[in-house]
Amino acid sequence: MAKLRVALLFGGRSVEHEVSLVSATSILGALDPVRYDITLVAIDTDGRWHLGDPSLPPTLATLESAVRGEEVDLRATPGNHTLIPVGEAPSERGQALDVIFPVIHGRGGEDGSLQGLLELAGVPYVGSGVLGSAIQMDKDIAKRLLAAAGLPVTPGACVRANRLDDGAAVADALIDEFGTSLFVKPANQGSSVGISKVDRREDLLPALHNAARYDTKILVERAIDAKEIEIALLGNDPIEASIPGEIRTKHAFYDYDAKYADEATELLIPAPIEEEVTKEMRRLAVEAVVALEGAGLARVDFLLERGSGEIFINEVNSIPGFTKGSMYPLLWQASGIPYPALLDRLIELALERHRITAALETRYEPTR
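Following this note's numbering, the numbering of the sequence shown begins with 6 at its first residue and continues without gaps.
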(Lines of atoms letter the chains of each structure in order from A and count residues from 1; the text may use other names and numbers.)
(Lines give C-alpha, C1' and ligand atoms only; values in the text may rest on other atoms or scores of the structure.)
Protein backbone atom coordinates (compact mmCIF):
# COMPACT_ATOMS: atom_id res chain seq x y z
CA MET A 1 0.00 0.00 0.00
CA ALA A 2 1.39 3.41 -1.00
CA LYS A 3 2.28 5.85 1.73
CA LEU A 4 0.06 8.87 2.26
CA ARG A 5 1.87 12.02 1.13
CA VAL A 6 1.61 14.49 4.01
CA ALA A 7 2.93 18.06 3.91
CA LEU A 8 3.75 19.50 7.32
CA LEU A 9 3.24 23.25 6.92
CA PHE A 10 4.79 25.50 9.56
CA GLY A 11 6.39 28.88 10.29
CA GLY A 12 4.38 31.77 8.95
CA ARG A 13 4.35 35.53 8.85
CA SER A 14 3.22 36.18 12.41
CA VAL A 15 4.62 36.83 15.87
CA GLU A 16 4.04 33.13 16.61
CA HIS A 17 6.51 31.97 13.93
CA GLU A 18 8.94 30.44 16.45
CA VAL A 19 6.14 28.71 18.38
CA SER A 20 5.00 27.09 15.14
CA LEU A 21 8.47 25.66 14.53
CA VAL A 22 8.51 24.05 17.96
CA SER A 23 5.04 22.56 17.43
CA ALA A 24 6.03 21.23 14.01
CA THR A 25 9.20 19.68 15.43
CA SER A 26 7.12 17.60 17.82
CA ILE A 27 4.70 16.53 15.07
CA LEU A 28 7.54 15.56 12.73
CA GLY A 29 9.03 13.35 15.43
CA ALA A 30 5.70 11.60 16.03
CA LEU A 31 4.45 11.03 12.45
CA ASP A 32 4.85 7.40 11.44
CA PRO A 33 7.40 7.18 8.55
CA VAL A 34 6.02 3.74 7.65
CA ARG A 35 2.56 5.25 6.96
CA TYR A 36 3.52 8.68 5.65
CA ASP A 37 5.77 10.20 3.02
CA ILE A 38 6.45 13.53 4.73
CA THR A 39 7.15 16.84 2.99
CA LEU A 40 8.39 19.76 5.07
CA VAL A 41 7.04 23.13 3.95
CA ALA A 42 8.31 26.17 5.83
CA ILE A 43 6.73 29.60 5.43
CA ASP A 44 9.27 32.31 6.16
CA THR A 45 8.58 35.59 7.94
CA ASP A 46 7.97 37.27 4.57
CA GLY A 47 5.30 34.72 3.63
CA ARG A 48 7.32 32.71 1.08
CA TRP A 49 7.06 28.91 1.01
CA HIS A 50 10.18 26.69 1.12
CA LEU A 51 10.87 22.93 0.98
CA GLY A 52 12.78 21.32 3.84
CA ASP A 53 14.63 18.02 4.03
CA PRO A 54 12.50 15.41 5.89
CA SER A 55 15.40 12.93 5.91
CA LEU A 56 17.18 15.07 8.52
CA PRO A 57 16.57 14.36 12.25
CA PRO A 58 13.26 15.76 13.59
CA THR A 59 14.89 18.64 15.45
CA LEU A 60 14.22 22.34 15.71
CA ALA A 61 17.43 22.96 13.72
CA THR A 62 16.01 20.89 10.84
CA LEU A 63 12.87 22.98 10.71
CA GLU A 64 14.79 26.24 11.03
CA SER A 65 16.96 25.21 8.06
CA ALA A 66 13.82 24.47 6.02
CA VAL A 67 13.02 28.20 5.99
CA ARG A 68 16.08 28.61 3.75
CA GLY A 69 15.18 25.75 1.39
CA GLU A 70 14.00 25.80 -2.22
CA GLU A 71 11.14 28.24 -2.76
CA VAL A 72 7.84 26.70 -3.92
CA ASP A 73 4.25 27.71 -4.61
CA LEU A 74 0.88 26.05 -4.25
CA ARG A 75 -1.30 27.17 -7.15
CA ALA A 76 -4.85 28.20 -6.26
CA THR A 77 -6.28 25.88 -8.90
CA PRO A 78 -8.94 23.25 -8.06
CA GLY A 79 -7.46 19.80 -7.69
CA ASN A 80 -3.90 21.11 -7.63
CA HIS A 81 -2.14 18.97 -5.02
CA THR A 82 1.38 19.83 -6.15
CA LEU A 83 4.03 22.18 -4.78
CA ILE A 84 5.75 23.82 -7.77
CA PRO A 85 9.27 25.30 -7.58
CA VAL A 86 9.05 29.05 -8.14
CA GLY A 87 9.68 30.02 -11.75
CA GLU A 88 8.89 26.60 -13.20
CA ALA A 89 5.84 25.31 -15.06
CA PRO A 90 3.58 22.87 -13.19
CA SER A 91 4.40 20.08 -15.66
CA GLU A 92 8.17 20.32 -15.19
CA ARG A 93 8.82 19.38 -11.56
CA GLY A 94 6.76 19.34 -8.41
CA GLN A 95 6.02 17.71 -5.07
CA ALA A 96 2.64 15.92 -5.11
CA LEU A 97 0.59 15.88 -1.89
CA ASP A 98 -2.40 13.99 -0.49
CA VAL A 99 -3.07 16.12 2.59
CA ILE A 100 -1.63 19.19 4.33
CA PHE A 101 -1.13 19.40 8.09
CA PRO A 102 -0.93 23.12 8.90
CA VAL A 103 0.60 24.00 12.25
CA ILE A 104 0.83 27.76 11.75
CA HIS A 105 -0.36 29.75 14.73
CA GLY A 106 -1.78 33.24 14.49
CA ARG A 107 -2.33 35.59 11.58
CA GLY A 108 -2.00 34.11 8.11
CA GLY A 109 -2.33 30.52 9.31
CA GLU A 110 -5.12 30.31 11.84
CA ASP A 111 -7.41 33.08 10.59
CA GLY A 112 -8.94 31.48 7.49
CA SER A 113 -6.62 33.02 4.91
CA LEU A 114 -4.44 29.91 4.55
CA GLN A 115 -7.54 27.73 4.59
CA GLY A 116 -8.94 29.80 1.71
CA LEU A 117 -5.87 29.05 -0.40
CA LEU A 118 -6.10 25.34 0.40
CA GLU A 119 -9.81 25.31 -0.50
CA LEU A 120 -9.09 26.97 -3.84
CA ALA A 121 -6.36 24.41 -4.50
CA GLY A 122 -8.76 21.64 -3.53
CA VAL A 123 -6.27 19.93 -1.24
CA PRO A 124 -7.39 18.22 2.00
CA TYR A 125 -6.06 19.81 5.18
CA VAL A 126 -6.21 19.26 8.92
CA GLY A 127 -8.47 21.52 10.97
CA SER A 128 -11.34 23.94 10.57
CA GLY A 129 -12.40 25.49 7.27
CA VAL A 130 -12.30 29.13 6.22
CA LEU A 131 -15.26 30.35 8.26
CA GLY A 132 -14.51 28.30 11.37
CA SER A 133 -10.87 29.35 11.39
CA ALA A 134 -11.70 33.04 10.92
CA ILE A 135 -14.31 33.29 13.66
CA GLN A 136 -12.32 31.27 16.18
CA MET A 137 -9.33 33.52 15.60
CA ASP A 138 -11.34 36.72 16.08
CA LYS A 139 -12.05 36.82 19.81
CA ASP A 140 -14.60 39.61 19.39
CA ILE A 141 -16.71 37.78 16.79
CA ALA A 142 -16.28 34.48 18.64
CA LYS A 143 -17.61 35.99 21.87
CA ARG A 144 -20.63 37.45 20.10
CA LEU A 145 -21.49 34.10 18.53
CA LEU A 146 -20.95 32.19 21.76
CA ALA A 147 -23.17 34.62 23.65
CA ALA A 148 -25.82 34.38 20.92
CA ALA A 149 -25.74 30.59 21.37
CA GLY A 150 -26.45 31.05 25.08
CA LEU A 151 -22.94 30.08 26.21
CA PRO A 152 -21.22 31.87 29.13
CA VAL A 153 -18.51 34.36 28.15
CA THR A 154 -16.52 36.85 30.18
CA PRO A 155 -18.06 40.37 30.35
CA GLY A 156 -16.22 42.77 28.07
CA ALA A 157 -16.23 45.09 25.08
CA CYS A 158 -14.42 45.57 21.79
CA VAL A 159 -12.53 48.81 21.08
CA ARG A 160 -11.40 49.91 17.61
CA ALA A 161 -7.81 51.08 17.58
CA ASN A 162 -8.72 54.24 15.65
CA ARG A 163 -10.79 55.37 18.65
CA LEU A 164 -7.65 55.67 20.75
CA ASP A 165 -7.13 59.23 19.49
CA ASP A 166 -9.54 59.98 22.33
CA GLY A 167 -8.07 57.22 24.45
CA ALA A 168 -8.68 58.83 27.84
CA ALA A 169 -12.43 58.98 27.24
CA VAL A 170 -12.42 55.36 25.99
CA ALA A 171 -10.51 54.22 29.08
CA ASP A 172 -12.87 56.07 31.42
CA ALA A 173 -15.93 54.47 29.77
CA LEU A 174 -14.44 50.98 30.05
CA ILE A 175 -13.58 51.43 33.71
CA ASP A 176 -17.03 52.82 34.47
CA GLU A 177 -18.59 49.70 32.95
CA PHE A 178 -16.20 46.90 33.97
CA GLY A 179 -14.09 48.26 36.82
CA THR A 180 -10.33 48.77 37.07
CA SER A 181 -9.31 45.10 37.09
CA LEU A 182 -9.20 44.21 33.39
CA PHE A 183 -7.55 42.13 30.69
CA VAL A 184 -6.66 43.91 27.45
CA LYS A 185 -5.86 41.80 24.38
CA PRO A 186 -5.65 42.06 20.59
CA ALA A 187 -8.79 40.50 19.13
CA ASN A 188 -6.80 38.51 16.54
CA GLN A 189 -3.70 37.13 18.20
CA GLY A 190 -2.48 34.05 20.05
CA SER A 191 0.13 32.86 22.57
CA SER A 192 -0.89 35.75 24.84
CA VAL A 193 1.04 38.19 22.63
CA GLY A 194 -0.03 41.79 23.27
CA ILE A 195 -2.11 40.91 26.36
CA SER A 196 -1.92 43.06 29.49
CA LYS A 197 -3.38 42.64 32.96
CA VAL A 198 -4.56 46.03 34.25
CA ASP A 199 -5.30 46.85 37.89
CA ARG A 200 -4.96 50.65 37.89
CA ARG A 201 -6.74 53.32 35.88
CA GLU A 202 -3.45 54.85 34.70
CA ASP A 203 -2.31 51.53 33.20
CA LEU A 204 -5.33 51.01 30.93
CA LEU A 205 -4.47 53.45 28.14
CA PRO A 206 -0.87 52.14 27.72
CA ALA A 207 -2.30 48.60 27.62
CA LEU A 208 -4.74 49.60 24.87
CA HIS A 209 -1.93 51.11 22.82
CA ASN A 210 0.19 47.99 23.34
CA ALA A 211 -2.62 45.75 22.05
CA ALA A 212 -3.11 48.10 19.09
CA ARG A 213 0.43 47.23 17.94
CA TYR A 214 -0.90 43.82 16.92
CA ASP A 215 -4.50 44.39 15.78
CA THR A 216 -7.00 47.04 14.82
CA LYS A 217 -9.54 45.56 17.26
CA ILE A 218 -8.90 45.33 21.00
CA LEU A 219 -10.85 43.18 23.43
CA VAL A 220 -11.23 44.49 26.98
CA GLU A 221 -12.64 42.06 29.55
CA ARG A 222 -13.37 42.12 33.25
CA ALA A 223 -10.63 40.22 35.07
CA ILE A 224 -11.92 37.17 36.90
CA ASP A 225 -10.20 35.49 39.83
CA ALA A 226 -10.38 32.01 38.42
CA LYS A 227 -8.77 28.67 37.75
CA GLU A 228 -7.66 28.30 34.12
CA ILE A 229 -9.06 25.07 32.67
CA GLU A 230 -8.55 23.71 29.15
CA ILE A 231 -10.31 20.96 27.19
CA ALA A 232 -9.19 19.46 23.89
CA LEU A 233 -11.68 18.67 21.11
CA LEU A 234 -11.40 16.10 18.34
CA GLY A 235 -13.71 15.21 15.45
CA ASN A 236 -15.89 16.58 12.68
CA ASP A 237 -19.34 15.27 13.53
CA PRO A 238 -19.60 14.13 16.27
CA ILE A 239 -16.99 16.08 18.21
CA GLU A 240 -15.38 14.49 21.28
CA ALA A 241 -14.10 16.29 24.37
CA SER A 242 -11.04 15.24 26.38
CA ILE A 243 -10.73 15.28 30.13
CA PRO A 244 -9.97 18.80 31.44
CA GLY A 245 -6.59 20.09 32.54
CA GLU A 246 -5.71 23.00 34.80
CA ILE A 247 -2.89 25.50 34.28
CA ARG A 248 -1.17 26.98 37.31
CA THR A 249 1.39 29.74 36.92
CA LYS A 250 3.15 32.15 39.25
CA HIS A 251 2.74 34.89 36.61
CA ALA A 252 -0.13 37.39 36.79
CA PHE A 253 -1.71 35.33 34.00
CA TYR A 254 -0.77 32.59 31.53
CA ASP A 255 1.41 34.85 29.39
CA TYR A 256 3.97 34.04 26.65
CA ASP A 257 6.81 33.35 29.11
CA ALA A 258 4.59 31.17 31.30
CA LYS A 259 3.57 29.16 28.23
CA TYR A 260 6.97 28.59 26.68
CA ALA A 261 9.78 29.50 29.07
CA ASP A 262 8.86 29.23 32.76
CA GLU A 263 9.49 25.69 33.98
CA ALA A 264 7.55 26.48 37.15
CA THR A 265 4.27 26.52 35.20
CA GLU A 266 2.20 23.48 36.22
CA LEU A 267 -0.17 21.48 34.03
CA LEU A 268 -2.52 19.42 36.16
CA ILE A 269 -4.13 16.58 34.19
CA PRO A 270 -6.82 15.75 35.04
CA ALA A 271 -7.85 19.07 36.54
CA PRO A 272 -8.69 18.75 40.25
CA ILE A 273 -12.32 19.82 39.88
CA GLU A 274 -15.63 18.16 40.77
CA GLU A 275 -17.11 15.55 38.45
CA GLU A 276 -20.22 17.61 37.76
CA VAL A 277 -18.11 20.63 36.79
CA THR A 278 -16.03 18.43 34.48
CA LYS A 279 -19.17 17.10 32.82
CA GLU A 280 -20.57 20.59 32.30
CA MET A 281 -17.30 21.97 30.90
CA ARG A 282 -17.01 19.10 28.42
CA ARG A 283 -20.58 19.77 27.27
CA LEU A 284 -19.92 23.49 26.91
CA ALA A 285 -16.67 22.83 25.05
CA VAL A 286 -18.42 20.76 22.38
CA GLU A 287 -21.22 23.33 22.05
CA ALA A 288 -18.68 26.14 21.71
CA VAL A 289 -16.80 24.42 18.87
CA VAL A 290 -20.07 23.61 17.08
CA ALA A 291 -21.23 27.24 17.46
CA LEU A 292 -17.95 28.47 15.94
CA GLU A 293 -17.99 26.04 12.98
CA GLY A 294 -14.99 24.09 14.25
CA ALA A 295 -13.77 20.87 12.64
CA GLY A 296 -11.01 18.36 13.23
CA LEU A 297 -9.46 19.86 16.33
CA ALA A 298 -9.76 22.72 18.79
CA ARG A 299 -8.93 23.66 22.35
CA VAL A 300 -11.44 25.48 24.53
CA ASP A 301 -10.08 27.58 27.39
CA PHE A 302 -12.29 28.16 30.44
CA LEU A 303 -12.21 30.33 33.53
CA LEU A 304 -13.67 28.69 36.66
CA GLU A 305 -14.34 31.54 39.06
CA ARG A 306 -13.10 30.97 42.55
CA GLY A 307 -15.77 31.38 45.19
CA SER A 308 -18.84 31.33 42.94
CA GLY A 309 -17.79 28.34 40.80
CA GLU A 310 -19.20 30.13 37.74
CA ILE A 311 -17.89 28.88 34.39
CA PHE A 312 -16.83 31.24 31.59
CA ILE A 313 -15.55 30.37 28.11
CA ASN A 314 -12.40 32.42 27.63
CA GLU A 315 -11.59 31.50 24.02
CA VAL A 316 -11.52 28.74 21.40
CA ASN A 317 -8.32 27.90 19.50
CA SER A 318 -8.53 26.21 16.10
CA ILE A 319 -4.80 25.30 15.89
CA PRO A 320 -3.62 24.78 19.47
CA GLY A 321 0.01 24.26 20.38
CA PHE A 322 1.51 20.87 19.53
CA THR A 323 4.77 20.93 21.46
CA LYS A 324 5.57 17.95 23.70
CA GLY A 325 4.45 20.05 26.66
CA SER A 326 1.33 21.53 25.05
CA MET A 327 -2.03 20.90 26.64
CA TYR A 328 -3.73 19.63 23.47
CA PRO A 329 -1.69 16.43 22.94
CA LEU A 330 -1.24 15.92 26.70
CA LEU A 331 -4.99 16.03 27.31
CA TRP A 332 -5.63 13.44 24.61
CA GLN A 333 -2.83 11.25 25.86
CA ALA A 334 -4.44 11.31 29.31
CA SER A 335 -7.80 10.58 27.64
CA GLY A 336 -6.41 7.43 25.99
CA ILE A 337 -5.08 8.64 22.62
CA PRO A 338 -1.26 8.67 22.35
CA TYR A 339 0.41 11.45 20.35
CA PRO A 340 1.11 9.39 17.16
CA ALA A 341 -2.44 7.98 17.12
CA LEU A 342 -3.80 11.51 17.60
CA LEU A 343 -1.95 12.69 14.50
CA ASP A 344 -3.28 9.68 12.55
CA ARG A 345 -6.82 10.56 13.59
CA LEU A 346 -6.43 14.23 12.62
CA ILE A 347 -5.22 13.26 9.15
CA GLU A 348 -8.14 10.82 8.77
CA LEU A 349 -10.57 13.58 9.77
CA ALA A 350 -9.04 15.94 7.18
CA LEU A 351 -9.53 13.37 4.41
CA GLU A 352 -13.06 12.60 5.63
CA ARG A 353 -14.12 16.25 5.58
CA HIS A 354 -12.58 16.75 2.14
CA ARG A 355 -14.45 13.74 0.72
CA ILE A 356 -17.73 15.17 1.97
CA THR A 357 -17.18 18.70 0.64
CA ALA A 358 -15.68 17.50 -2.67
CA ALA A 359 -18.86 15.50 -3.32
CA LEU A 360 -21.01 18.66 -3.25
CA GLU A 361 -22.32 19.93 -6.59
CA THR A 362 -20.52 22.92 -8.09
CA ARG A 363 -22.76 23.24 -11.15
CA TYR A 364 -26.47 23.83 -11.22
CA GLU A 365 -28.46 20.90 -12.56
CA PRO A 366 -32.27 21.23 -12.52
CA THR A 367 -33.95 18.40 -10.66
CA ARG A 368 -36.12 16.15 -12.79
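A virtual CB, placed ideally from N, CA and C, is assigned to each residue, including glycine.
Considering only their Cβ atoms, is the gap separating Arg-227 from Thr-159 smaller than 8 Å? For the purposes of this step, residue 159 is taken as the residue at position 154 of the sequence shown. For the purposes of this step, residue 227 is taken as the residue at position 222 of the sequence shown. It is a contact, given that the beta carbons lie within the stated cut-off.
First and last residue of the beta strand (DSSP E) that includes Ala-12? As a working note, residue 12 is residue 7 in the sequence shown. Ala-12 -> beta strand (DSSP E) spans 9-16.
In whole angstroms, what separates the C-alpha of Leu-156 from that of Arg-287? For this step, residue 156 is matched to residue 151 along the sequence shown. For this step, residue 287 is matched to residue 282 along the sequence shown. Looking at the two C-alpha atoms, the distance is approximately 13 Å.
Here's a check: name, in chain order, each residue in its chain whose Cβ is nearer than 6 Å to the Cβ of Arg-18, leaving out the five neighbours to either side. On the sequence shown, residue 18 is found 13 positions in, with the first residue counted as 1. Contacts found: Thr-50, Gly-52 and Gly-113.
Rounded separation between Gln-141 and Leu-297 - CA only: Taking the sequence shown and counting its residues from 1, one reaches residue 141 at position 136. Taking the sequence shown and counting its residues from 1, one reaches residue 297 at position 292. Within the model, the alpha-carbon separation for Gln-141 versus Leu-297 is close to 6 Å.
Endpoints, the beta strand (DSSP E) within which Tyr-41 is located: The residue given as residue 41 occupies position 36 in the sequence shown. 41-48 is the extent of the beta strand (DSSP E) around Tyr-41.
Check whether the Cβ atoms of Pro-345 and Asp-37 lie closer than 8 Å to each other. For the purposes of this step, residue 345 is taken as residue 340 along the sequence shown, with counting starting at 1. For the purposes of this step, residue 37 is taken as residue 32 along the sequence shown, with counting starting at 1. In this structure, Asp-37 lies closer than 8 Å to Pro-345 by Cβ.
Taking C-alpha atoms, which residue in Lys-190, Gly-184, Glu-251 and Ile-274 lies nearest to Arg-206? Taking the first residue of the sequence shown as 1, we reach residue 206 at position 201. Distance from the Cα of Arg-206 is smallest, within the candidate group Lys-190, Gly-184, Glu-251 and Ile-274, for Gly-184.
Whose C-beta lies closer than 6 Å to the C-beta of Ala-276 among residues of the same chain, with five residues either side of it excluded? Numbered from 1 along the sequence shown, position 271 holds the residue referred to as residue 276. Answer for Ala-276: Ile-234, Pro-249, Gly-250 and Glu-251, listed in chain order.
Taking buried to mean at least 16 other C-beta atoms within 10 Å of its own C-beta, is Arg-360 buried or exposed? Taking the first residue of the sequence shown as position 1, residue 360 is located at position 355. Residue environment: Arg-360 is assigned as exposed (fewer than 16 neighbouring CB atoms within 10 Å of its CB, all protein chains considered).
Within the segment 308-346, note down every full alpha helix (DSSP H) run reaching 4 residues or more, in order along the chain. Taken in chain order, the complete alpha helix (DSSP H) segments of 4 or more residues contained in the segment 308-346 are 332-339.
Below 8 Å between beta carbons: does that hold for Asn-241 and Arg-358? Working through the sequence shown from its first residue, we reach residue 241 at position 236. Working through the sequence shown from its first residue, we reach residue 358 at position 353. Judged by their CB atoms, Asn-241 and Arg-358 are nearer to each other than the 8 Å cut-off.
Would you identify the three-state DSSP class for Gly-74, choosing helix, strand or coil? Looking up residue 74 in the sequence shown gives position 69. Gly-74: coil per DSSP, three-state reduction.
Helix or strand or just coil, what does DSSP make of Asp-306? Reading the sequence shown from its first residue, position 301 is the one you call residue 306. In the three-state reduction of the DSSP assignment, Asp-306 falls in the strand class, which pools E and B.
Cutting at 6 Å between CB atoms, please list the residues of its own chain near Tyr-265, excluding the five before and the five after it. Stepping through the sequence shown from its first residue, residue 265 is reached at position 260. Confidence at Tyr-265 is low in this model, with a pLDDT of 48, below 50, so the placement of that residue is unreliable and no value is reported for it.
Continuous alpha helix (DSSP H) assignments of at least 4 residues falling wholly in the segment 169-255: With a minimum length of 4 residues, the continuous alpha helix (DSSP H) runs that stay inside the segment 169-255 are 172-183 and 206-216.
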